[in-house]
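Following: one structure in structure tokens, then a few remarks.
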Amino acid sequence: MSKHKHKKTEAFDFNGGWDYSPSPESTGHVKLKERYDLYIDGEFVAPNSGKYFQTTNPATEKVLAEVAHADESDVDKAVKAARKAYENVWSKLSAKERGKYIYRIARLMQEKARELAVVETLDAGKTIRESRDVDVPLACNHFFYYAGWADKLEYAFPNRNVSALGVTGQIIPWNFPLLMAAWKIAPALAAGNTVVLKPAETTPLTAMLLAEIIHESGLPAGVVNILTGYGDTGAAIVNHPDINKIAFTGSTNVGKIIQKAVAGTGKKLTLELGGKSANIIFEDAPIDQAVEGIVNGIFFNQGHVCCAGSRLFVQESVADEVIQKLKDRLDTLYVGDPLDKNTDIGAINSKEQLETIRKYIKIGKDEGASMYESSCELPKKGYFVRPTLFTDVAQSSRIAQEEIFGPVLTIQTFRTIDEVIQKANNSPYGLAAGVWTDKGSRIFNMTSKLRAGVIWANTYNKFDPTSPFGGYKESGFGREGGLQGLGAYLKIER
Ligand code: ADP
């Protein structure tokens, strides 16, 4: 008997003989070290303090490995190495040669794609289907894409003088660990900068595998340095006086601290922060596809997505149908072992995040919204939560205003276009939005009025290295991906 038990539903009858047997991805080919050191100046070195911390598998709560906790003195060493590499090697190398190294990193990542996908799933809790089919291929694509620009900067920005910034400090979150490292490192190198990068404390392992790949690629020592640690390590990077640019992806709270710290220093800054994105379904939308788009929008990667479509707006005339279909679909989602290829929703990234999500679910109930959760069984061990939705949600409600960063959807209805635009824009955030309608003219009308950096039409969560991504308001500023993402790592003059 499968552990996945689904309620039989009227709209979707997946239950009649549709239960899958477990299909776990093997981990036999993965040889994790007991301990990972810092990657500084082309060498793996112990942290000056001698301190290490553990990283665990959120699906089993078992320790995977120890990683170093870098302090200010390690950061200083890495920045000095990055400066030396920038002055003496990287800026002297022809752009064509720089591009070759970036291609080489991309190809080595492809060769090790399976190992990277399994380790990402072990360390982050995300499903193997996602890390194998989305995170790792997209991360490789970012390196391939930016490798192509390295020797074509003058064509990328015609009639402008472009030059590298120097040493860049990059701090990334835990929701897409390898992909965020690729988003940061690839354009920085293509633009001719050197890098000091810190992965998030709960997901350091694929960054350390990437350090090994970078080492194997023969990239000159000091061009990329990868330091593991907590927020204090990130702060040491932000505050180091010899860094020319900070690129940060993470929470709005930490983004604000960083913006204050950087103010007046002359450091360039890009911030990719939180979101509370609206997914808007009009009555003329293809309803079944829209339901799939809603599911993808909020339940992809356990809802740990800054652009997650966490606020659903459904036109009143189709609300009952959409909500019923959504509830039925919720019951068909497999929650469980992230290594199982059939799993739709894996583990919540950490105990802290699980507590945050539970706190918001309680707030939703206390505020008087109606909750519906899937009827699936949850594994006994590990950090899991059932996919959940709330109806009868007030615009002012905390669950509709604040980022939950979990598989929790709020649903509101609307009657007119003006009303939904007003409601969708009534948020401190402005990262993404989705619009589902049959009418092209309505799509263009909506895209011009919604205050969001990315707007998807009749789809959601589509990513491509050529396409810029970033936000308005408290979702941050600056763009990553595409030419805009390259420009963010260059000084561009007339
Ligand atoms: P989340 O809420 O998603 O965990 P955070 O913003 O706390 O997001 O973390 C994103 C990244 O920022 C992590 O790598 C974390 O270690 C780092 N970080 C946390 N606090 C600071 C800080 N004060 N300065 C710089 N980096 C920080």
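Residue numbering for the sequence shown follows the numbering used here, beginning at 150 and increasing consecutively.
The beta-carbon is built from N, C-alpha and C at its ideal position, and this holds for glycine as well.
The model shown is predicted, which means the values in this text are computed figures rather than measured ones.
Closer than 7 Å: residue i CB and nearest the ligand ADP heavy atom
i: K688; result: Lying before the first or after the last residue shown, residue 688 is absent from the chain, which here runs from 150 to 643.
i: V387; result: yes
i: P207; result: no
i: Y185; result: no
i: Y379; result: yes
i: V403; result: yes
i: P322; result: yes
i: I497; result: no
i: G383; result: yes
i: G424; result: no
i: E350; result: yes
i: S400; result: yes
i: I406; result: yes
Limits of the beta strand (DSSP E) - the one that residue i falls within
i: I320; result: V316 to I320
i: R460; result: R460 to Q464
i: E642; result: L639 to E642
i: N310; result: N310 to A313
i: F716; result: Beyond the ends of the chain as shown, which are 150 and 643, falls residue 716; an answer cannot be given.
i: K347; result: T343 to K347
i: S427; result: According to the sequence provided, residue 427 is Ala. The question's Ser does not apply to it. Taken as a continuous stretch (DSSP letters only), the beta strand (DSSP E) holding A427 covers A427 to I430.
Nearest-angstrom beta carbon gap, residue j and residue i [assumed within contact, 8 Å]
i: N324; j: D272; result: At roughly 12 Å, the Cβ-Cβ gap does not stay under 8 Å, so N324 and D272 are not in contact.
i: E432; j: S400; result: Contact doesn't hold; Cβ gap of about 36 Å is too wide.
i: Y235; j: G318; result: Not a contact, Cβ separation roughly 13 Å.
i: F293; j: Y252; result: 7 Å
i: F539; j: S519; result: 7 Å
i: G555; j: I512; result: The Cβ separation is near 12 Å, so there is no contact.
i: I395; j: V411; result: 6 Å
i: G274; j: A360; result: Actually they do not touch by this definition, with Cβ atoms about 22 Å apart.
i: G248; j: D300; result: 5 Å
i: E288; j: L338; result: Rather than Glu, the amino acid found at residue 288 in this sequence is Ala. The pair is not a contact, with the Cβ atoms about 14 Å apart (cut-off 8 Å).
i: G446; j: A219; result: At roughly 36 Å, the Cβ-Cβ gap does not stay under 8 Å, so G446 and A219 are not in contact.
N-terminal and C-terminal residue of the alpha helix (DSSP H) that residue i is part of
i: I512; result: K500 to D515
i: A219; result: Run containing A219: none; DSSP gives neither H nor E here.
i: R256; result: A244 to E260
i: L359; result: L354 to E365
i: T382; result: G380 to N388
i: L327; result: P326 to A339
i: R564; result: Neither: R564 is in no alpha helix (DSSP H) and is coded neither H nor E.
i: L287; result: V285 to W298
i: V411; result: T401 to V411
i: I548; result: R547 to Q550
i: N594; result: G589 to K598
i: G620; result: Careful: G620 lies outside any alpha helix (DSSP H) and carries neither H nor E.
i: G630; result: No alpha helix (DSSP H) contains G630, which DSSP labels as neither H nor E.
i: E183; result: Element bounds for E183: n/a, residue is neither H nor E.
i: E210; result: Taken as a continuous stretch (DSSP letters only), E210 belongs to no alpha helix (DSSP H), as it is neither H nor E.
i: L527; result: Careful: L527 lies outside any alpha helix (DSSP H) and carries neither H nor E.
Option nearest residue i by Cα separation, candidates the options
i: V463; options: C456, A457, C455 and I472; result: I472
i: E246; options: N310, R232 and W298; result: W298
i: S198; options: K182, V216, K211 and V212; result: V216
i: R278; options: K249, F554, N491 and K417; result: N491
i: L187; options: D541, H178 and A356; result: A356
i: E659; options: I447, V484, S459 and D437; result: Residue numbering for the chain in the displayed model covers 150 to 643; residue 659 lies beyond these limits and cannot be assessed.
i: S597; options: Y609, A582 and N607; result: A582
i: A549; options: T419, K529, L527 and N574; result: N574
i: G415; options: K241, V387 and K405; result: V387
i: G644; options: E642, Y609, G424 and I395; result: Residue 644 falls outside the range modelled here, since the chain spans only 150 to 643, and no answer is possible.
i: K572; options: P171, F193 and I429; result: I429
i: T125; options: S545, V557, G589 and M595; result: Any property of residue 125 remains undetermined from this structure, which presents the chain solely from 150 to 643.
i: G517; options: K640, K474, S545 and A427; result: S545
i: E210; options: K241, K229, A337 and L503; result: L503
i: L242; options: W332, G341, L287 and L327; result: G341
i: F397; options: N450, K588 and M329; result: M329
i: R171; options: E568, D489 and I592; result: It is Pro, not Arg, that sits at residue 171 in the sequence shown. Of the listed residues, the one whose Cα sits closest to P171 is D489.
i: T419; options: G620, D284 and G458; result: G620
i: D562; options: D541, E260 and P577; result: Note on identity: in this sequence residue 562 is Thr, with Asp being the wrong assignment. Comparing Cα-Cα distances from T562 to each of D541, E260 and P577, the minimum goes to D541.
i: Y509; options: I553, V484, A468 and L475; result: I553
heavy atom of the ligand NAP below 7 Å from residue i C-beta
i: S459; result: As far as ligands go, the structure on display features the ligand ADP and does not contain the ligand NAP.
DSSP bridge partner residues for residue i (one or two, in chain order)
i: Y201; result: A217
i: A396; result: Q319 and T419
i: E192; result: I189
i: A606; result: V584
i: P435; result: Paired residues: none, contrary to the question.
i: L558; result: L538
i: E522; result: T537
i: P487; result: The partner list for P487 (beta bridge, DSSP) is empty, contrary to what the question assumes.
i: I375; result: Y188 and L346
i: I494; result: V484
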